[in-house]
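Please read the structure below before turning to the comments.
Protein chains: 2
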Amino acid sequence: MVTIRDIAKAAGVSPMTVSNVLNSRPHVKDSTRARVLQTIDDLDYRVNIAARNLRRGKTHTIGLAVPEVDRPYFGELGAAIIENGRRHDLNVVIEQTERSRENELTALALSRLRMYDGLILGAVGLGESDVELLRVDFPVVILGERIFSGPLDHVAMPNDDGAYAAVQHLIERGCTRIVAVHGSLSHDTDVSTLRHAGYRRALAEAGIEDDPRLTLTLDVFSPEAASAAVHQAVDAGLSFDGVFCVTDYVALGVMRALADLGIAVPDDVKVIGFDDVESSRFLTPSLSSVNPSKDLIAAKAVDLLVDRINGGSGEAVEFVSPFTLVARESTAVR
Amino acid sequence: MVTIRDIAKAAGVSPMTVSNVLNSRPHVKDSTRARVLQTIDDLDYRVNIAARNLRRGKTHTIGLAVPEVDRPYFGELGAAIIENGRRHDLNVVIEQTERSRENELTALALSRLRMYDGLILGAVGLGESDVELLRVDFPVVILGERIFSGPLDHVAMPNDDGAYAAVQHLIERGCTRIVAVHGSLSHDTDVSTLRHAGYRRALAEAGIEDDPRLTLTLDVFSPEAASAAVHQAVDAGLSFDGVFCVTDYVALGVMRALADLGIAVPDDVKVIGFDDVESSRFLTPSLSSVNPSKDLIAAKAVDLLVDRINGGSGEAVEFVSPFTLVARESTAVR
DNA sequence: CTGAAAGCGCTTACAG
DNA sequence: CTGAAAGCGCTTACAG
Chain Y
30 MVTIRDIAKA
40 AGVSPMTVSN
50 VLNSRPHVKD
60 STRARVLQTI
70 DDLDYRVNIA
80 ARNLRRGKTH
90 TIGLAVPEVD
100 RPYFGELGAA
110 IIENGRRHDL
120 NVVIEQTERS
130 RENELTALAL
140 SRLRMYDGLI
150 LGAVGLGESD
160 VELLRVDFPV
170 VILGERIFSG
180 PLDHVAMPND
190 DGAYAAVQHL
200 IERGCTRIVA
210 VHGSLSHDTD
220 VSTLRHAGYR
230 RALAEAGIED
240 DPRLTLTLDV
250 FSPEAASAAV
260 HQAVDAGLSF
270 DGVFCVTDYV
280 ALGVMRALAD
290 LGIAVPDDVK
300 VIGFDDVESS
310 RFLTPSLSSV
320 NPSKDLIAAK
330 AVDLLVDRIN
340 GGSGEAVEFV
350 SPFTLVARES
360 TAVR
Chain D
30 MVTIRDIAKA
40 AGVSPMTVSN
50 VLNSRPHVKD
60 STRARVLQTI
70 DDLDYRVNIA
80 ARNLRRGKTH
90 TIGLAVPEVD
100 RPYFGELGAA
110 IIENGRRHDL
120 NVVIEQTERS
130 RENELTALAL
140 SRLRMYDGLI
150 LGAVGLGESD
160 VELLRVDFPV
170 VILGERIFSG
180 PLDHVAMPND
190 DGAYAAVQHL
200 IERGCTRIVA
210 VHGSLSHDTD
220 VSTLRHAGYR
230 RALAEAGIED
240 DPRLTLTLDV
250 FSPEAASAAV
260 HQAVDAGLSF
270 DGVFCVTDYV
280 ALGVMRALAD
290 LGIAVPDDVK
300 VIGFDDVESS
310 RFLTPSLSSV
320 NPSKDLIAAK
330 AVDLLVDRIN
340 GGSGEAVEFV
350 SPFTLVARES
360 TAVR
C-alpha cells in the first residue's frame, strides 16, 4: 500500500507537505504542489480514510435507523436522507430496527461504537417513557412519527393535523360513518394514537358520533392484516361509507379487501391514506392521501444533525413537518 | 474521551491486557479480566472503532450502490442485503447512482477511498464495454440485471428465462398480440434488451409473428412514462390482448392507463410484470409477475463479497438467480 | 499470564 | 513556503 510517506520520499518533500496538498491547503508553492500531485498520480496513491478519521475524530458517516427500508415510505425517506447527506459530504449507513423498541435502543447505543458522527433515529418503538434513555452525549436527531418532549432534536410528522384534515375531507365528501384502520392505540405517543386523535377531533367538530365499532385495530402493520380486518368487519355486518387508513401501506390492503367484497370505491365507500407514497397515485382507483413533505423532513433532519455534529448546543428543536392533502379518485364524488 | 490507557491505569494493568479483554482473547487470568471489565463499566469506556479499523485494516463496512432506494425493487433488495450483511457483522452504506454509468464508476472508484471493505454494485448503467474498468484490486460483486463476462463475481437476474416464462404464460392464457413495454434496447446488456430477447423467443416458439409496433420503448423508466406510452399506442389504434412489462414498477403505469382507457384487465387485456414487488399482490387486479428470489440474490451477493474480502481469489463466479412465475388476477382466464 | 514498544497512516500545532 | 515531531487510540509480534 502506498502511503503519504512514499509520496513524500518520491517527491522529495515532507509528509506534511503531501498532506497539505491533499487537503488543498494554501501556502504550498505551485511547483511543489504540481510535483506532489504528479507523484500521487504516478504511484496511484489513495488517502487512507481510516487514518484520517482517527486523526480528525470525524468519520463523515451518519447512521440512519429505520424500521424497514423495504416499506415504501421508509425507502422514499431513506433516499431523501442519502440525497441530503451527500450535500454535506456525509455517507449514510442504514440499519433496520424492525419496529422494535429494543433495536432502536441498540442502534442508539451502538452508534457511538460504530463509526458514525451522528444518528438519525426513526423512532416508532420508543415512547415518551424512554426519554431518559435519550440523554446521550452524541449527536442524534429523532425522526418521529411519535412525539418526544425529550432532550433531542426532533422532526415530527403532522400526525394530528394531517389525520384531522384527511377525515375532514371525507366528511366534506359526504361520509358520515368513517372507519379508522390502524395499529395498537396502547401507547400515548404511537403514530396510530396520534392520528386517531385527529380522526376523533374531526368527527367531534362535525358533530358525528365516534362509534367505537368503526375503529379497526391491527396486530401487525401490514396490508394483509388490514385486508383481513376489513373482511371481518364487513362479514360481521358493519356498515360504513368512508375509511381513514393510518398509512397508504395499510390502505393497500383495505382497498384490496373492498374490491374482494364487491364494495365500490369511491361510490360506496371513500378511502384516504397517509404518507402519499409514490405508488398511491397509480392505484385503481388512485388513492387520496396526506403528503407530509418527505423531502422537507429529510432536509431538516440532516441539517439539524449536521448542526449538532458541528458543535451546536442550543435547546432541542422540535420541527413539525407541514403537509398537503392530495385528493384523488378514492374520495371523488360523482 | 476515555481510552484504553485510562482503563489500564485505573485497573493497574497494561493497555495490552485491556485490549486482550476487549477482544476476549484467552490467556487472561479470570480475576484480571473481571477487574478490567469492572473498570470499563465504571468509566463508561467504549472502544474507538476508527483506531481499531486503522490498526486492523478492516472497517466491517461494505458499500451498496443501487440506482435508487425509493424504487420498491431496490428497497426490498437493500433490506435483504442489510439483513445478510448483519449475519457477517457488516454495516452497509447505501449510495444512489441514479441509473447513470458515471455514478456507477464513481462508486467503484470511491469505494476504496471510503472506508469499505468491499462493494456490491447494482449495475444498470455499466455495460459489457466497461469491462476493463472493472479490473479493480478491491472486493467487488456486481449485482446485475445486466450480463458481464468480466473479471468480477456477478449475481445476475434470470432476465431471459424469466421474460420467456412470462410471455409463455400470456400465450398459454390465450394472448396472441402481446405488447412489450420497456426501456431503451440500444445496449446489448441492458435489462430491457435481455428481457426482450426472452419475449421474442417465447413468441417465436409459439409461432407468433413479432410485430415491431407492439414494442413500446420508454425514455424514462417510470410508471408515468409507461402510462403515456400505452395511451399513445391505444390512441393510435394499436390492438393487443396482452402486455409484458419489463418491471412491476412499469406495470403500475400500464395498468393505470388501461383503466383510464376503459380496457378491462384481465378480460380484454392480460398483464404481467417482472420483480414481484410486494405491493403487486394487493393491486386491483393483482399483478402476475416473475419473482427472481430477491433473498437468494442478496444472500449470494453478500456471501461472494465476504469470500473476496477474506482473500478468496478463485475465478470470477457467475450466479444466475432462479425464479418463479406468480400467476395472479391480471392474467386470469374467466 | 502480562508488559514495553513499535506502528497502522494520517494531521496538527509549533518552528523557522 | 516547508519540516521535524508528536500523537489520534488501538493491536501485534516479541519477550519474559
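Each protein sequence line maps, in turn, to chains Y and D.
Our numbering puts the last residue of the first sequence at 363; the count rises by one with no breaks.
Our numbering puts the last residue of the second sequence at 363; the count rises by one with no breaks.
Ideal placement from N, C-alpha and C gives every residue a C-beta, glycine not left out.
Got a sec: is the Cβ-Cβ distance from Ile149 (chain Y) to anything in chain D below 8 Å?
For this step, residue 149 (chain Y) is matched to residue 120 along the first sequence. Not closer than 8 Å to any Cβ of chain D, the Cβ of Ile149 (chain Y) fails to qualify, so no.
Against chain D, with Cβ distances strictly below 8 Å, would Gln125 (chain Y) count as a contact?
Start at 1 with the first residue of the first sequence, and residue 125 (chain Y) comes out as number 96. Yes, Gln125 (chain Y) counts as interfacial toward chain D.
Please list, in chain order, the chain D residues whose beta carbon lies closer than 9 Å to that of Arg285 (chain Y).
Within the first sequence, numbered from 1, the residue matching residue 285 (chain Y) stands at position 256. In chain order: Arg310, Phe311, Leu312, Thr313, Ser315.
So what does DSSP say about Gly191 (chain D), is it helix, strand or coil?
Here residue 191 (chain D) corresponds to residue number 162 of the second sequence, with the count starting at 1. Correct three-state label for Gly191 (chain D): helix.
How about Val275 (chain D) and Met284 (chain D): are their beta carbons less than 8 Å apart?
For the purposes of this step, residue 275 (chain D) is taken as residue 246 along the second sequence, with counting starting at 1. For the purposes of this step, residue 284 (chain D) is taken as residue 255 along the second sequence, with counting starting at 1. The answer is no: Cβ separation not under 8 Å.
Consult DSSP for Glu124 (chain Y) and reduce its assignment to one of helix, strand or coil.
Locating residue 124 (chain Y) in the first sequence gives position 95, counting from the first residue. Strand at Glu124 (chain Y).
Burial state of Asn25 (chain Y), where buried means 16 or more other Cβ atoms lie within 10 Å
Only positions 30 to 363 of chain Y appear in the structure, and residue 25 (chain Y) is not among them; the question remains open.
Report the option in D:Leu247, D:Val208, D:Leu72, D:Ala80 whose CA atom is closest to the CA atom of Ile237 (chain D).
As a first step, residue 237 (chain D) is located in the second sequence; it is residue number 208 there, counting from the start. Closest by alpha carbon: D:Val208.
Run down chain Y in chain order and give the residues with a C-beta less than 7 Å from the C-beta of Pro252 (chain D).
Within the second sequence, residue 252 (chain D) is the residue found at index 223, counting from 1. Under the 7 Å cutoff, chain Y gives Phe311.
Close-in-space but distant-in-sequence residues of the same chain around Leu243 (chain Y) (CB under 7 Å, 5 per side omitted):
In the first sequence, residue 243 (chain Y) corresponds to position 214, counting from 1. So the qualifying residues of the chain are Arg206, Ile207, Val208, Ala209, Phe269.
To which residues of the same chain is Pro128 (chain Y) closer than 8 Å at the C-beta, ignoring the five residues directly before and after it?
Working through the first sequence from its first residue, we reach residue 128 (chain Y) at position 99. Pro is not the amino acid found at residue 128 (chain Y); the sequence shown has Arg there. Within its own chain, the residues whose Cβ lies closer than 8 Å to the Cβ of Arg128 (chain Y), once the five positions on either side in sequence are excluded, are Pro96, Glu97, Val153, Gly154, Phe250, listed in chain order.
Identify whether Val98 (chain D) lies in helix, strand or coil by the three-state DSSP scheme.
One-based indexing of the second sequence puts residue 98 (chain D) at position 69. The answer is coil: DSSP assigns Val98 (chain D) none of H, G, I, E or B.
Which chain D residues are close to Asp71 (chain Y), counting only those with a beta carbon under 8 Å from its beta carbon?
Reading the first sequence from its first residue, position 42 is the one you call residue 71 (chain Y). Here the premise fails: no neighbours, minimum Cβ distance about 17 Å.
Val279 (chain Y) versus Ser318 (chain Y) - alpha carbon distance:
In the first sequence, counting from the first residue as 1, residue 279 (chain Y) sits at position 250. In the first sequence, counting from the first residue as 1, residue 318 (chain Y) sits at position 289. Going by C-alpha positions, Val279 (chain Y) is about 12 Å away from Ser318 (chain Y).
Bridge partners of Leu148 (chain D), per DSSP?
Taking the first residue of the second sequence as position 1, residue 148 (chain D) is located at position 119. Bridge partners of Leu148 (chain D): D:Gly92, D:Val169.
Hey, which unbroken runs of the beta strand (DSSP E) at 3 residues or more fall wholly within the stretch 226-268 of chain D?
Annotation: the stretch 226-268 of chain D contains the following complete segments of the beta strand (DSSP E) (minimum length 3 residues), in chain order: 244-246.
So is Ala138 (chain D) buried or exposed if we call it buried at 16+ other beta carbons inside 10 Å?
Stepping through the second sequence from its first residue, residue 138 (chain D) is reached at position 109. That one is exposed.
Whole-number beta carbon distance between Ala330 (chain Y) and Leu172 (chain Y), since they are thought to touch under 8 Å
Position 143 of the first sequence holds residue 172 (chain Y). Position 301 of the first sequence holds residue 330 (chain Y). With a contact defined as Cβ atoms closer than 8 Å, Leu172 (chain Y) and Ala330 (chain Y) qualify at about 5 Å.
Looking at the secondary structure, which residues open and close the alpha helix (DSSP H) in which Val47 (chain D) lies?
Taking the second sequence and counting its residues from 1, one reaches residue 47 (chain D) at position 18. For Val47 (chain D), the enclosing alpha helix (DSSP H) begins and ends at 44-51.
Could you check where the alpha helix (DSSP H) with Gly282 (chain Y) kicks off and where it finishes?
Looking up residue 282 (chain Y) in the first sequence gives position 253. Going by DSSP, Gly282 (chain Y) is part of the alpha helix (DSSP H) stretching over 277-289.
For a test of the three-state rule: what should DSSP assign to Ala376 (chain Y), helix, strand or coil?
Residue 376 (chain Y) lies beyond the range of chain Y shown here (30 to 363); nothing can be said about it.
Tell me, please, whether the CB atom of Glu133 (chain Y) is closer than 8 Å to any CB atom in chain D?
Reading the first sequence from its first residue, position 104 is the one you call residue 133 (chain Y). At a cut-off of 8 Å between beta-carbon atoms, Glu133 (chain Y) makes no contact with chain D.
List, in chain order, every chain D residue whose beta-carbon is nearer than 8 Å to that of Ala262 (chain Y).
The sequence position of residue 262 (chain Y) within the first sequence is 233, counting from 1. By Cβ distance, chain D contributes nothing, its closest Cβ being about 18 Å from Ala262 (chain Y), past 8 Å.
Considering only C-alpha positions, which residue in the set D:Ile78, D:Ala94, D:Leu93 is nearest to Lys87 (chain D)?
Numbered from its first residue, the second sequence carries residue 87 (chain D) at position 58. Taking only the C-alpha atoms, the option nearest Lys87 (chain D) is D:Ile78.
With DSSP as the reference, please indicate the residues paired to Lys299 (chain Y) in a beta bridge.
The count along the first sequence starts at 1 and reaches residue 299 (chain Y) at position 270. Partner(s): Y:Gly271.
Backbone CA spacing between Pro351 (chain Y) and Ser322 (chain Y) [nearest angstrom]:
The residue given as residue 351 (chain Y) occupies position 322 in the first sequence. The residue given as residue 322 (chain Y) occupies position 293 in the first sequence. For Pro351 (chain Y) and Ser322 (chain Y), the gap between their C-alpha atoms comes out near 7 Å.
Start-to-end residues for the alpha helix (DSSP H) that takes in Ser318 (chain D):
The residue labelled residue 318 (chain D) in the question sits at position 289 within the second sequence. No alpha helix (DSSP H) holds Ser318 (chain D); the beta strand (DSSP E) holding it covers 318-320.
Ends of the alpha helix (DSSP H) at Asp70 (chain D)?
The residue labelled residue 70 (chain D) in the question sits at position 41 within the second sequence. That run of the alpha helix (DSSP H) goes 59-72.
Nonlocal neighbours in the same chain, by C-beta distance under 7 Å from Asp277 (chain Y), ignoring five residues either side:
Within the first sequence, the letter at position 248 stands for residue 277 (chain Y). Non-local C-beta neighbours of Asp277 (chain Y) in its own chain, meaning closer than 7 Å and more than five positions away in sequence, comprise Gly302, Phe303, Asp304, Asp305, Val306, Ser309, Leu316, Ser318, ordered along the chain.
If Leu247 (chain D) and Gly212 (chain D) are in contact, beta carbons under 8 Å, what's the gap, nearest whole angstrom?
For the purposes of this step, residue 247 (chain D) is taken as residue 218 along the second sequence, with counting starting at 1. For the purposes of this step, residue 212 (chain D) is taken as residue 183 along the second sequence, with counting starting at 1. About 5 Å separates the beta carbon of Leu247 (chain D) from that of Gly212 (chain D), a gap short enough to meet the 8 Å contact definition.
Across which residues does DSSP place Phe348 (chain D) in a beta bridge pair?
Against the second sequence, residue 348 (chain D) aligns to sequence position 319. Looking at the DSSP assignment, Phe348 (chain D) forms a beta bridge with D:Val184.
Please say whether Gly203 (chain D) and Gly227 (chain D) have beta carbons closer to each other than 8 Å?
Indexing the second sequence from 1 puts residue 227 (chain D) at position 198. Indexing the second sequence from 1 puts residue 203 (chain D) at position 174. It is not a contact, given that the beta carbons lie outside the stated cut-off.
Quick check on the DSSP output: the alpha helix (DSSP H) that includes Ala209 (chain Y) runs from which residue to which?
Working through the first sequence from its first residue, we reach residue 209 (chain Y) at position 180. For Ala209 (chain Y), no alpha helix (DSSP H) segment is defined; the enclosing uninterrupted segment is the beta strand (DSSP E) at 207-211.
Taking Cβ to Cβ, would you say Ile17 (chain D) is nearer than 8 Å to Gly147 (chain D)?
An answer regarding residue 17 (chain D) cannot be provided, because it is not within the stretch 30 to 363 covered by chain D.
Residues that Glu97 (chain Y) contacts on chain D, provided the C-beta gap is smaller than 7 Å
As a first step, residue 97 (chain Y) is located in the first sequence; it is residue number 68 there, counting from the start. Here the neighbours are Ala108.
How far does the alpha helix (DSSP H) with Val76 (chain Y) in it extend, from its first residue to its last?
Within the first sequence, residue 76 (chain Y) is the residue found at index 47, counting from 1. Segment: none, Val76 (chain Y) is in no alpha helix (DSSP H) and carries neither H nor E.
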